[in-house]
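Numbering (the UniProt record's numbering), first residue to last: 1 to 311.
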Amino acid sequence: METIRKLIQTLAALLTNGYWLFPATRNIYQGPMKIICSPGLNCYSCPASTTYCPIGAIQQLLLGVRFTLESGAFYVGSYVFGSIGLIGALTGRLTCGWLCPFGLIQELLHKIPSVKFPTIPGWLRYPKYGMLLFFVILFPLFLTNEWDMGDPWFCKYVCPAGTLEAGIPMLLLQPDLRATLGLIFYNKLFWMFVFLGWSVTTSRPFCRTTCPLGAFYGLFNRISLIQLRLDEEKCTDCGICAQVCPMGIQFNKSVGSPECIGCLRCLNEACTFGAISVKCGGLDLQALNRAGLRKAQQIQAASQIDQQGGN
Ligand code: SF4
Ligand code: SF4
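Here's what the structure looks like:
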């Protein structure tokens with residue numbers, strides 16, 4: 001299952017970054033696909049990006065909301081909130097585990113052999129909510145300049161995905177931009193190195209501490225259509241699920257936690273007691289799968305009997 005998840009993560013990263021003409025055009029893709037909202041964190045200004053980033057789009061809407069309301073562009077905002085709201089309502093934070101390119105980058109870095117520190121202090125889980133509330137919503141909305149425009153605070157001062165996927169490639173493609181570099185860029189470069197370096201020793205540190213999109217999707221984990229459930233009668237409280245969890249949680253003690261990215265490693269690699277299941281709208285997907293397998297075996301057995309009878 002982990003191999004399938006990696007394949008899906010890779011496919012999603014390639015689909016959201018599928019514009020490979022950028023070395024020739026030396027600019028970002030601006031075609032019709034750019035109206036689609038990427039489900040994961042993926043910088044709009046990455047030269048290969050075919051979609052736009054939901055967190056960047058929310059800030060762009062809010063920083064100019066006074067004008068966009070007048071021009072009717074608030075429909076764009078409704079679309080962005082609507083699409084990530086729909087993803088959250090359907091899957092909770094599963095998108096982080098299966099579709100986010102920056103999540104994949106952190107997971108690959110964590111495979112580099114080194115000393116590992118699986119845990120992070122509990123209080124470090126909360127800055128991501130501050131990022132969502134202040135850097136994505138309130139600051140772009142209320143801290144405006146003399147032209148009544150705000151700044152995209154998260155993109156401008158923090159986002160390591162933007163620096164890695166857009167800032168550095170654009171500097172390579174357009175050398176003239178290097179003359180404009182200042183403190184803001186070096187601050188973002190610092191945060192990029194912090195999170196990429198930290199990913200080598202600790203699993204998904206950006207997702208666990210800082211990502212506002214993960215914070216948003218996590219709010220849906222208890223009410224989403226697809227959910228992981230615990231059968232308390234089967235759970236022995238052995239704690240093995242905590243040993244494989246990339247988000248550092250013990251599933252049976254935190255069912256529905258906003259930290260869970262739905263990677264299913266606890267289900268597939270840890271719990272041998274069958275205490276964890278995936279439910280879609282209350283239906284047990286594994287039970288459906290088992291029933292399907294049984295049916296297929298019955299059909300196969302019946303056709304073999306028919307063949308033997310015919311011989
Ligand atoms: S691995 Fe399974 S049985 Fe053990 S604590 Fe986790 S959910 Fe319970
Ligand atoms: S609790 Fe299970 S599904 Fe959730 S992140 Fe941890 S290992 Fe993955």
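Even for Gly, the Cβ is constructed at its ideal location relative to N, Cα and C.
Given the structure is predicted, the values throughout are model-derived calculations rather than measurements.
Q. With C-beta atoms as the reference, is G262 less than 8 Å away from R208?
A. Here residue 262 is taken as the residue at index 262 of the sequence shown, counted from 1. Here residue 208 is taken as the residue at index 208 of the sequence shown, counted from 1. Not closer than 8 Å, so no.
Q) Considering only residues of the segment 186-222, which uninterrupted alpha helix (DSSP H) runs meet the minimum length of 4 residues and lie entirely inside it, listed in chain order? A) 205-209, 212-218
(Q) Can you tell me where the beta strand (DSSP E) holding L228 begins and where it ends? (A) Residue mapping note: residue 228 aligns to position 228 of the sequence shown, counting from 1. It spans 226-230 - the beta strand (DSSP E) in which L228 sits, taken as one unbroken run.
Q. Quick one: what does DSSP say I276 is sitting in, helix, strand or coil?
A. In the sequence shown, the residue the question calls residue 276 occupies position 276. Correct three-state label for I276: strand.
Q: Would you mind sorting E2 into buried or exposed? The rule is 16 or more other CB atoms within 10 Å of its CB.
A: The residue given as residue 2 occupies position 2 in the sequence shown. Classified as exposed, E2 has fewer than 16 neighbouring CB atoms from the shown chains inside 10 Å of its CB.
Q | Y52 - partner residues in DSSP beta bridges | A | Numbered from its first residue, the sequence shown carries residue 52 at position 52. Answer is C37, bridged to Y52.
(Q) ligand 1 and C46: does the residue's C-beta get closer than 7 Å to at least one heavy atom of that ligand? (A) Counted from its first residue, the sequence shown places residue 46 at position 46. Checking the Cβ of C46 against ligand 1 gives no.
Q) Within 7 Å: the Cβ of M247 and any heavy atom of ligand 2? A) Here residue 247 is taken as the residue at index 247 of the sequence shown, counted from 1. Yes - ligand 2 has a heavy atom lying nearer than 7 Å to the Cβ of M247.
Q) Taking the alpha carbon of P54 as the point to measure from, which residue in Y217, K116, I84 has its own alpha carbon closest? A) Residue 54 sits at position 54 when you count from the first residue of the sequence shown. Of the candidates Y217, K116, I84, the one whose C-alpha sits nearest the C-alpha of P54 is I84.
Q: Give the straight-line distance between the Cα atoms of A270 and L86, rounded to the nearest whole angstrom.
A: Sequence index remark: in the sequence shown, residue 270 carries index 270 (1-based). Sequence index remark: in the sequence shown, residue 86 carries index 86 (1-based). Their backbone Cα atoms lie some 30 Å apart in a straight line.
Q.
Does the beta-carbon of R265, which I'm using as the reference point, lie nearer than 7 Å to any heavy atom of ligand 2?
A. For the purposes of this step, residue 265 is taken as the residue at position 265 of the sequence shown. R265 has its CB nearer than 7 Å to a heavy atom of ligand 2.
**Q.** Supposed close pair L41, A166 - CB separation, criterion 8 Å
**A.** For the purposes of this step, residue 41 is identified with residue 41 of the sequence shown, where counting begins at 1. For the purposes of this step, residue 166 is identified with residue 166 of the sequence shown, where counting begins at 1. Contact doesn't hold; Cβ gap of about 12 Å is too wide.
Q.
Tell me the DSSP secondary structure of L283 in three-state form.
A. Position 283 of the sequence shown, counted from the start, is the residue given in the question as residue 283. DSSP places L283 in strand when its eight states are reduced to three.
Q: Report back the beta-carbon spacing between Q59 and C211 to the nearest angstrom; my notes put them in contact at under 8 Å.
A: Sequence index remark: in the sequence shown, residue 59 carries index 59 (1-based). Sequence index remark: in the sequence shown, residue 211 carries index 211 (1-based). Wrong, their Cβ atoms sit about 14 Å apart, outside the cutoff.
Q.
At a cut-off of 7 Å, would you count I261 as near ligand 2, judging by its Cβ distance to the nearest heavy atom?
A. If you number the sequence shown from 1, residue 261 lands on position 261. At least one heavy atom of ligand 2 is nearer than 7 Å to the Cβ of I261, so yes.
Q. Taking only runs of the alpha helix (DSSP H) that begin and end inside the segment 89-174, which ones reach a length of at least 4 residues, in chain order?
A. With a minimum length of 4 residues, the continuous alpha helix (DSSP H) runs that stay inside the segment 89-174 are 94-98, 101-110, 127-130, 139-142, 153-157, 168-173.
Q) Apart from the five residues on each side of it in sequence, which residues of its chain come closer than 6 Å, Cβ to Cβ, to D231? A) Within the sequence shown, residue 231 is the residue found at index 231, counting from 1. Only A275 meet the Cβ criterion.
(Q) Quick check on this structure: which residue in T25, T272, F185 has the alpha carbon closest to the alpha carbon of Y157? (A) The residue you call residue 157 lines up with position 157 of the sequence shown. For Y157, the nearest C-alpha among the options comes from F185.
(Q) Less than 7 Å between C-beta atoms, sequence neighbours within five positions excluded: which residues of the same chain meet that for P140? (A) Taking the sequence shown and counting its residues from 1, the one referred to as residue 140 is at position 140. If we look at P140 and ignore the five residues flanking it on each side, its Cβ neighbours are Q59, L62, L63, G150, D151, P152, W153.
(Q) Quick test of your reading: T202 and P118, contact by CB under 8 Å. State the CB separation rounded to the nearest angstrom. (A) On the sequence shown, residue 202 is found 202 positions in, with the first residue counted as 1. On the sequence shown, residue 118 is found 118 positions in, with the first residue counted as 1. Right, the Cβ-Cβ distance comes to about 7 Å (below 8 Å), so this counts as a contact.
Q. Would L225 pass as a contact of L15 if the rule is Cβ separation under 8 Å?
A. Mapped onto the sequence shown, residue 225 falls at position 225. Mapped onto the sequence shown, residue 15 falls at position 15. Remark: C-beta atoms of L225 and L15 do not approach each other more closely than 8 Å.
Q: Verify the contact flag: L230, CB atom, against every heavy atom of ligand 1, threshold strictly below 7 Å.
A: Position 230 of the sequence shown holds residue 230. Correct: L230 has its Cβ closer than 7 Å to ligand 1.
Q | Assigned secondary structure, R66 (DSSP; H/G/I helix, E/B strand, else coil) | A | Counting from 1 along the sequence shown, the entry for residue 66 is found at position 66. R66: helix per DSSP, three-state reduction.
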